[in-house]
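Top to bottom, those sequences are chains A and B. First residue of the first sequence? That's 276 in my numbering, and the numbers climb one at a time after it. First residue of the second sequence? That's 276 in my numbering, and the numbers climb one at a time after it. Where a beta carbon is used, it is the ideal one built from N, C-alpha and C, also for glycine. Notes follow once the structure below has been shown.
There are 2 protein chains.
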Amino acid sequence: MFKQWERAPAQTQIDKQAFIEALKFNADGLIPAIAQQHDSGEVLMMAWMNLASISETLATGQVCYWSRSRQTYWRKGESSGHRQQLVALRADCDGDTLLLLVDQQGPACHTNRRNCFFFEAQADAVTVLNDVDSGLV
Amino acid sequence: MFKQWERAPAQTQIDKQAFIEALKFNADGLIPAIAQQHDSGEVLMMAWMNLASISETLATGQVCYWSRSRQTYWRKGESSGHRQQLVALRADCDGDTLLLLVDQQGPACHTNRRNCFFFEAQADAVTVLNDVDSGLV
């Protein structure tokens, strides 16, 4: 379906349920989801969703992932309070990646940094960009 | 190693080769890489890299992915001219996702839209956000 949909002009409407079911999940039934702070553009984290967690996220407006390590639903912020409120859910051209525009409460990373991407490769070393807990305000 | 590295304070330096080899590649030897336009913050696409394509990207400053469909190196823009110049390569807290800050020449998407995330799920439908070729200027 994506080969057909990708040619559609702007403002074309596609049935939502058909679209979600046509997404390309991997052998474990999962699809990667990038979370981006909607206003600043900061890329916060990447995690995985399944069909049910996508549906729940769209229904509730609170982002719900699938935890591969715990093999269960991961309602972001349920224990930490660092919730992600959904602003928009987008999918890419071939339907194998999601982009979640969110409003992140507090830090997105489990180290309490604001985002998870704090290792930066440079000419001869990798540098840690910021401190544990630096996302707590 | 990442459980140890994630506690390190800002400005800590880690050996680059050891870091890259400690990244968590999947069963196919691949790791997802998000490409973001370095100045605007626009998320352009997501693709996959292996150890050799990461090393090549760092050495040349031109982004090289691994194409899962073609099972070969994919030097972004080699045929289209729509290259990605690397500005910074980052990894996340647990070393299983990369974030590439890039300078994208022209459109990133094969449909010649500027980015690949042009399907947006809304209340009762999915909307196409922009037209084929809209990223050509």
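Pull up the CB-CB distance for residue i and residue j, whole angstroms please, since I reckon it's below 8 angstroms.
i: residue 362 of chain B; j: residue 338 of chain B; result: In fact, because the Cβ distance is near 10 angstroms, the residues do not count as touching under 8 angstroms.
i: residue 389 of chain A; j: residue 383 of chain A; result: 6 angstroms
i: residue 407 of chain B; j: residue 282 of chain A; result: 6 angstroms
i: residue 336 of chain B; j: residue 360 of chain B; result: 6 angstroms
i: residue 368 of chain B; j: residue 367 of chain A; result: Not quite, the Cβ-Cβ distance comes to about 24 angstroms (not below 8 angstroms), so this is no contact.
Less than 9 angstroms separating the beta-carbons of residue i and residue j?
i: residue 277 of chain A; j: residue 299 of chain A; result: yes
i: residue 322 of chain B; j: residue 340 of chain B; result: yes
i: residue 310 of chain A; j: residue 411 of chain A; result: no
i: residue 305 of chain A; j: residue 312 of chain A; result: no
i: residue 358 of chain B; j: residue 352 of chain B; result: yes
i: residue 317 of chain A; j: residue 316 of chain B; result: yes
Taking the alpha helix (DSSP H) that residue i belongs to, which residues open and close that run?
i: residue 330 of chain A; result: 326-335
i: residue 297 of chain A; result: 291-297
i: residue 277 of chain A; result: 277-280
Please report the straight-line C-alpha distance between residue i and residue j, rounded to a whole angstrom.
i: residue 302 of chain B; j: residue 342 of chain A; result: 18 angstroms
i: residue 307 of chain A; j: residue 324 of chain A; result: 6 angstroms
i: residue 334 of chain B; j: residue 371 of chain B; result: 21 angstroms
i: residue 409 of chain B; j: residue 387 of chain B; result: 6 angstroms
i: residue 373 of chain A; j: residue 399 of chain A; result: 33 angstroms
i: residue 394 of chain B; j: residue 280 of chain B; result: 37 angstroms
i: residue 329 of chain A; j: residue 365 of chain A; result: 11 angstroms
i: residue 297 of chain B; j: residue 287 of chain A; result: 44 angstroms
i: residue 403 of chain A; j: residue 332 of chain B; result: 20 angstroms
i: residue 405 of chain B; j: residue 314 of chain A; result: 20 angstroms
i: residue 284 of chain A; j: residue 385 of chain A; result: 40 angstroms
i: residue 293 of chain A; j: residue 379 of chain A; result: 29 angstroms
i: residue 354 of chain B; j: residue 295 of chain B; result: 28 angstroms
i: residue 349 of chain B; j: residue 289 of chain B; result: 28 angstroms
i: residue 347 of chain A; j: residue 347 of chain B; result: 34 angstroms
Starting from residue i, follow the beta strand (DSSP E) in both directions and report where the run begins and ends.
i: residue 359 of chain A; result: 359-366
i: residue 424 of chain A; result: Nothing about residue 424 of chain A can be reported from this structure: the residues present for chain A run from 276 to 412 only.
i: residue 312 of chain A; result: 306-312
i: residue 283 of chain A; result: First-last for residue 283 of chain A: undefined, no H or E at that position.
i: residue 395 of chain A; result: 394-396
i: residue 400 of chain A; result: 400-403
i: residue 347 of chain A; result: 347-350
i: residue 417 of chain A; result: For residue 417 of chain A there is no data in the structure shown, the boundaries of chain A being 276 and 412.
Taking any Cβ of chain A, which residues in the stretch 314-326 of chain B have a Cβ under 8 angstroms from it, in chain order? 315, 316, 317, 318, 320 and 321
Residues from the stretch 384-405 of chain B in contact with chain A, defined by Cβ distance under 9 angstroms: 384, 385, 386, 388, 390, 391, 392, 393, 394, 395, 396, 397, 398, 399, 400, 401, 402, 403, 404 and 405
Name the residues in the stretch 362-384 of chain B whose C-beta lies less than 7 angstroms from a C-beta of chain A; which are they? 363, 364, 365, 366, 367, 368, 372, 374 and 384
If contact means a Cβ-Cβ distance below 8 angstroms, which residues of the stretch 277-293 of chain B contact chain A? 280, 281, 282, 283, 284, 285, 286, 287, 288, 289, 290 and 291
Positions along the stretch 301-313 of chain B whose CB lies within less than 7 angstroms of some CB in chain A: 307, 309 and 311
What are the residues in the stretch 328-340 of chain B lying within 8 angstroms of chain A by C-beta distance? 333
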